[in-house]
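The block underneath contains the structure these notes are about, expressed in structure tokens.
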Amino acid sequence: MTDLLEEVLQFMPADAVSEAAFEGANIVLYTKSKRFLKNYADAVRKAVHAVKKRIEVRPDPSIQLSKAEAQQTIMKLLPEETGVAQILFEEKRSVVIIEADKPGLVIGKNGELLDRIKQEALWSPVVKRNPPLRSELIEKIRSVLYENSDERRKFLNETGQRVYSGYKRKKDHEWVRITYLGSGRQVGRSSILLQTPESRILFDCGLDVSRSDEEAYPYLDAPEFRLEELDAIVVSHAHLDHTGFLPYLYKFGYRGPVYCTLPTRDIMTLLQLDTIKIMRAEGKEPLYTSDDIKQQLLRCITLDYEEVTDITPDVRITFQNSGHMIGAAMVHVHIGNGLHNILYTADIKYTDTYLLSKAKTKFPRAETVLLEGTYGGADNAMPPMKEQNKAFAEIITKTISRGGKLLVPVLGSGRGQEILAHIHEMVLEGLIPENIPVYVDGMVWDITAIHTAYPEFFNARMRKKIFQEGQNPFLQDYIINVGSHKERQEIIDSNKPCIILATSGMLVGGASVEYLKGLAEQKKNSLAFSSYLGPGSYGRRIRDGEREIMFQKQGGGQEPLYINLEVHTIEITGHADRTELMNFIKNLQPRPRKILINHGEVSRCLDLASSLYKKYRIETLAPRNLEALRLR
Ligand SMILES: [Zn+2]
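If you use my numbering, the sequence shown corresponds to residues 479 to 1110, in order.
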């Protein structure tokens, strides 16, 4: 047993604890004593005070009520209005998961009901929200985790052992080093390796979705990177340019943890599964299998914002809201007891949006900042959000009033849901009639369903709307799920005006291209881009003025598509624009010593780097891929 567990046990009454184990950075004590289950609070408080770790006490699996009895006991304790949808058991961890419509009511005042469940059913309750839009994916993810309870318990304990059992590498001197395996002077394949004397940690592992050659993947063949030495992976958010290559590491034998938020875990799983599907549909060999994704899922350790967690003996991370999409995080990295602090912003938004709050700017320390530069160019200042929203509202009303259809290619996640929230606002204000259907195609629908499971991640205004005013922008009758080619064709053929949200955002495959082919030649229709458009993508070419696009015909050959519909670009993105990026650094506390710009095209990265230096006299760099930098 590690010293840390020994220390904790000293605070507990003799023989009260049957087993002590880690779950990642947390400590779990199992007990066979019903008496101790009722009065452990004091002992645990003292132990937490001493070791500064989270400690949970659970009934030992040997004293659990049978699942049937436990279910009965729990249902008796819970009032009907909690809306319990499902009760699931994770046997080896003594955890019972209660999925309810109103999780707050299950918890009860000060967790009172949870305590009673633990003491009477002899299982440790965890409450989850039953998503009001059914999500098959969430159901699947949850069942995979419960079915593999044994493996998970073992994995979580081993992870904790590694974090707390002390140093395993030779520590000759103190240094901190990062290497860009991707996202150096480019948007796409985000992947950055952090090395400390003790740790090897990868931040994100994404694809460049606009490419299909070798350059689509991060440089895992860099001399610094050895898969078998990797201690942990930290994922900032679910977008494929940050997660699309992750299962590949599991395919090649990585079995360590992935740290992310709950919405990130669910959405990235969905996007990765979809990547396999798309590759198959294009006749390519998928990069990885659904089993590799399952291996990854079993090793996800989810963290909340602000939850400080040790992930190796000398690295402690904290996720903070980044404002970019649901569950998206900036990662604050504290290395070696104050040796160095890094803030990896990943993708940020520095304005409040319909759903999210802007990125946080206050940190205890942050000497080095890794900042995104997607819209970092001097000419990337966008009109204020308010004007943008007004412009978008106008595109909608004009298209509808002339009987047209509006196609909005979206990234699937983030922008699509912001647009739904915006449309809802417009309906409430009477700007668009309630009977205009909003078609949400496949993937966008699934991700919207995941959004309904985690409303806690929205900003205060949206939470109030959902919880107090009963106005959920995703649960509206005018929103219609589209899943098949046939349904798509019916929408294209119908003569009723409508709004369509479909992936991909850049028009590189996916349903949005199908709609484009059906709608492009009619002048009354509109196309409104809403996301970053990669060089060479159909989206970028159409936005830049091409009006005749050659498409592969089924069965060989090419045919032209004439772009006669109205083309708009709504400059609302989940990314901070130039002004927001400058303001973010201005407001960042404390002021960093060094800023590394990544995740942006070359000129934009260089431009942002030089402007930040001129304005704030902070050392800036725009590292290239494969460049390694010593930060200390
Ligand atoms: Zn992103």
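Where is the CB? At the ideal position from N, CA and C, for every residue including glycine.
Check: Would the beta-carbon of residue 918 fall within 9 Å of that of residue 990?
Finding: no
Next item on the list: Give a yes or no on contact between the stretch 706–718 and the stretch 663–682, applying the rule of three or more CB pairs nearer than 8 Å.
Entry: yes
Margin query: Taking the beta carbon of residue 980 as the centre, do at least 16 other beta carbons fall within 10 Å, making it buried, or is it exposed?
Written below: buried
Note to self: Please identify the residue among 993, 834, 899 whose C-alpha is closest to the C-alpha of residue 935.
What the structure shows: 834
Note to self: If we require 4 or more residues per run, which alpha helix (DSSP H) segments fall completely within the stretch 725–811?
What the structure shows: 740–759, 768–776
Next item on the list: Flag this pair as yes or no: are the beta carbons of residue 515 and residue 537 separated by less than 9 Å?
Entry: yes
Checklist line | CA nearest to the CA of residue 832, picked from 1110, 808, 1050 | finding: 1050
Next item on the list: Give me the Cβ distance between residue 673 and residue 702, rounded to the nearest whole Å; I'm assuming they're in contact under 8 Å.
Entry: 7 Å
Check: If you draw a straight line from the C-alpha of residue 533 to the C-alpha of residue 580, how long is it?
Finding: 26 Å
Notebook entry, point to check: Listed by chain order, which residues have C-beta atoms less than 5 Å from any heavy atom of ligand 1?
Noted result: 717, 825
Margin query: Which of the three DSSP states is assigned to residue 1093 in this structure?
Written below: helix
Item checked: Inter-residue Cα distance where the pair is residue 826 and residue 1019 -> 26 Å
Next item on the list: Using alpha carbons as the reference points, say which of 630, 956, 872, 997 lies closest to residue 502.
Entry: 630
Item checked: Nearest-angstrom Cα separation, counted from residue 1094 out to residue 802 -> 25 Å
Notebook entry, point to check: From residue 725 to residue 906, what distance separates their C-alpha atoms?
Noted result: 42 Å
Next item on the list: Taking 9 Å as the cut-off, decide whether the C-beta atoms of residue 535 and residue 522 are in contact.
Entry: yes
Check: What number of angstroms, rounded off, separates the C-alpha of residue 550 from the C-alpha of residue 598?
Finding: 11 Å
Item checked: Supposed contact pair residue 713 and residue 736 - C-beta distance, whole angstroms, cut 8 Å -> 6 Å
Margin query: Quick check on DSSP: helix, strand or coil for residue 843?
Written below: coil
Note to self: Using C-beta distances below 6 Å, list every residue in its chain close to residue 1005, excluding the 5 sequence neighbours before and after it, in chain order.
What the structure shows: 885, 1043, 1045
Check: CB-CB under 7 Å to residue 839, same chain, minus the five flanking residues each way: which ones, in chain order?
Finding: 1062, 1065, 1066, 1067
Checklist line | Where the alpha helix (DSSP H) through residue 550 begins and ends | finding: 545–555
Note to self: According to DSSP, residue 536 sits in a beta bridge with which residue or residues?
What the structure shows: 508
Check: What number of angstroms, rounded off, separates the C-alpha of residue 1082 from the C-alpha of residue 1091?
Finding: 14 Å
Item checked: Bridge partner(s) assigned by DSSP for residue 1026 -> 1040
Check: When DSSP builds the beta bridges, which residues end up paired with residue 919?
Finding: 960
Next item on the list: Within 10 angstroms of the Cβ of residue 1011, are there 16 or more other Cβ atoms? Answer buried if so, exposed if not.
Entry: buried
Next item on the list: Helix, strand or coil for residue 820, going by three-state DSSP, please let me know.
Entry: strand
Check: For residue 660, which three-state DSSP category applies?
Finding: strand
Next item on the list: Could you pull out every unbroken beta strand (DSSP E) segment of at least 3 residues lying fully inside the stretch 964–995, listed in chain order?
Entry: 976–980
Notebook entry, point to check: What three-state label does DSSP hand residue 1134 in the structure shown?
Noted result: Only positions 479 to 1110 of the chain appear in this structure, which leaves residue 1134 out of reach.
Note to self: Taking contact to mean 3 or more Cβ pairs, one atom from each stretch, closer than 8 Å, check whether the stretch 628–642 and the stretch 760–770 are in contact.
What the structure shows: no
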